[in-house]
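Using our numbering, the letters of the sequence shown map in sequence onto residues -5 to 403.
All C-beta atoms in this analysis are idealised placements derived from N, C-alpha and C, irrespective of residue type, glycine included.
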Amino acid sequence: MACPPESEVRVVGPCDSGAEGARAQAQQDQPCPGAVTVSPATVMVESVDDAEGLYVAVERCPLCNTARRRLTCARCIRAGDFVHFDGKSPERYTEKLERLQKMKKEKEILQQRVIKTMDKKVQTDQLKWKIMTCKMKIEQLKEAICSGNEEVKCGKDLLLRTQEEGQRLQRRASRHQEKRDKIERHNRRLSELLEKRNKELQSRLEALAEARRGHILELTTYIFPTQEEKQGSRDPAETAVAEYEFALTSSTVSELAEARRTTYMSGRWIWDDQNGETSISITGSHVTLPSNGDCSAYYNWVEEKSTNPGPELDHITPAHTISAALCYATQLVNILSHILDVNLPKKLCNSEFCGDNLSRYRFTRAVNKLNTNILHLCFSQHVDSELLHPHHTLRNIMFLVSPENKNLG
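Structure representation (structure tokens):
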């Protein structure tokens, strides 16, 4: 029960309803009496004595929590049998207290009912939330299933294409394997045939080489026979060395021997072991050529004839023998190139050396061509290069057609 802080409250009990108490001096105002925790009976017991009589209430009122000069009855206060002094509410304090307790119980009942009702509502909301969550999950699962189905479909299509491609490649591989086997069989047949043909070719080449060697032997035996001949004269230096060898030192002997084995040819010294001691004839003993390839006699004869023209006393001159030997050698080389089926690097006519009074340049050029062709033939027939010399024309031909050359043909 609340009261204004400045109003006066009068409490009337059944025993002293007509009595008025003295008004007490108001003290300081306090907060609303709703916060009172001390029972009125206890306060009044402390403020009002049990003895009969009237007293001035100077303590705070347990109802309005203010100090008033009113007369109160302790028993009525204890019993709660009092009403508002101004008469605004005829309801007594005990009735109000009972009504308050009843309202509290009703409030609790309503709260319980509300709680029960709200529990159902909360449960309903929770179920709705769970249902909504489940629906969302279901939608997400449906979307995931759809995407998974799409991926599975794409994967199946890819797998199908891969399988088809694999089958195609397998068929292609099988065809390739068949082709490979066929090619291998064909290669084996070709290898066998090639081996057979190689054997036939080798036998025919051997027969051809034998035939070539036979033709060359007949050619060099009956048409162009070549033979190395010793000269009749003896070198005076050799006789002098033989006579005075005991009186010379070893160095002098070696120097003389070295000088005896060199020849001055075309403005330079050429190493020659034969030193003009031998000559090589072709087609006869009168057609000879120095074994060292020295053709200076031809130059000398041509120059002497050009300076001293006159009748020739001797029909066999060095120029005639050298030119004839070179002419026969040219014919022999051309025939050998035809028999051996070898193309010569230099073109040289058979009658190149048949002309009279060839100039030094023309003669030297023709001799170089002939030596080049002879060396080319020797190299094509695998003649040992240690036996060859660039200027030994007929000697190189003898090494070429020698029976010891197993590679001829």
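Q. Under three-state DSSP, which class holds PRO312?
A. helix
(Q) Is the separation between the beta-carbon of GLU222 and that of SER285 shorter than 8 Å? (A) yes
Q: Indicate the three-state DSSP secondary structure (helix, strand or coil) for THR272 in the structure shown.
A: strand
Q) Going by other Cβ atoms of all chains shown within 10 Å of its Cβ, with 16 needed for buried, is ALA323 buried or exposed? A) buried
(Q) Taking the beta strand (DSSP E) that GLU158 belongs to, which residues open and close that run? (A) Counting along the chain, GLU158 falls outside any beta strand (DSSP E), though it belongs to the alpha helix (DSSP H) covering 87 to 212.
Q) Is the Cβ-Cβ distance between LEU388 and ILE276 less than 8 Å? A) yes
Q.
Taking the beta strand (DSSP E) that SER282 belongs to, which residues open and close that run?
A. Note on identity: in this sequence residue 282 is Thr, with Ser being the wrong assignment. From DSSP, the beta strand (DSSP E) with THR282 extends over 282 to 284.
Q) Which whole-angstrom value describes the C-beta separation of ILE316 and CYS289, a residue pair presumed to lie in contact below a C-beta threshold of 8 Å? A) 6 Å
Q: Reducing DSSP to helix, strand and coil, say where GLN375 ends up.
A: coil
Q.
Could you tell me the alpha carbon to alpha carbon distance between LYS400 and HIS376, rounded to whole angstroms?
A. 9 Å
Q: Compare the C-alpha of LEU402 against each of GLN325, HIS209 and LYS341 and name the closest.
A: HIS209
Q: Would you kindly report the start and end of the unbroken beta strand (DSSP E) that includes GLU222?
A: 220 to 224
**Q.** Burial state of SER11, where buried means 16 or more other Cβ atoms lie within 10 Å
**A.** Summary for SER11: the model assigns pLDDT 37, below 50, so the residue's position carries little reliability, and this model does not support an answer.
Q: Would you mind sorting ASN294 into buried or exposed? The rule is 16 or more other CB atoms within 10 Å of its CB.
A: exposed
Q: For GLY47, collect the residues of the same chain with a Cβ closer than 6 Å to its Cβ; drop the 5 residues on either side in sequence, then sort them by chain order.
A: With a pLDDT of only 44 at GLY47, under the threshold of 50, the placement of this residue in the model should not be trusted, and no figure is reported.
Q: Reducing DSSP to helix, strand and coil, say where CYS343 ends up.
A: coil
Q: Go ahead and pull the three-state DSSP assignment for THR387.
A: helix
Q | Three-state secondary structure (DSSP) of LEU382 | A | coil
Q: Answer yes if the region 362 to 371 comes into contact with the region 331 to 345, meaning at least three C-beta pairs across the two stretches below 8 Å, and no otherwise.
A: yes
Q) Which term fits CYS406, buried or exposed, when burial requires 16 or more other beta carbons within 10 angstroms of its beta carbon? A) Residue 406 lies beyond the residue range present for the chain, which begins at -5 and ends at 403; the question has no answer from this structure.
Q: Figure out for me which residue from SER300, ASN302, VAL281 and PRO219 has the closest Cα to the Cα of PRO312.
A: VAL281
Q) With ILE391 and THR220 assumed to form a contact (beta carbons below 8 Å), what rounded beta-carbon distance in angstroms separates them? A) 6 Å
Q. For LEU402, which three-state DSSP category applies?
A. coil
Q: Leaving out five residues on either side along the sequence, give the residues of the same chain with a beta carbon under 7 Å from the beta carbon of PHE347.
A: SER317, LEU320, CYS321, THR324 and ALA360
Q | Alpha-carbon to alpha-carbon, TYR292 and PRO384 | A | 19 Å
Q. Which term fits LEU283, buried or exposed, when burial requires 16 or more other beta carbons within 10 angstroms of its beta carbon?
A. buried
Q: Under 6 Å Cβ to Cβ from LEU326, same chain only, skipping five residues before and after it: list those, please.
A: PHE218
(Q) Distance check for LEU187 and ARG198, CA to CA, integer angstroms please. (A) 16 Å
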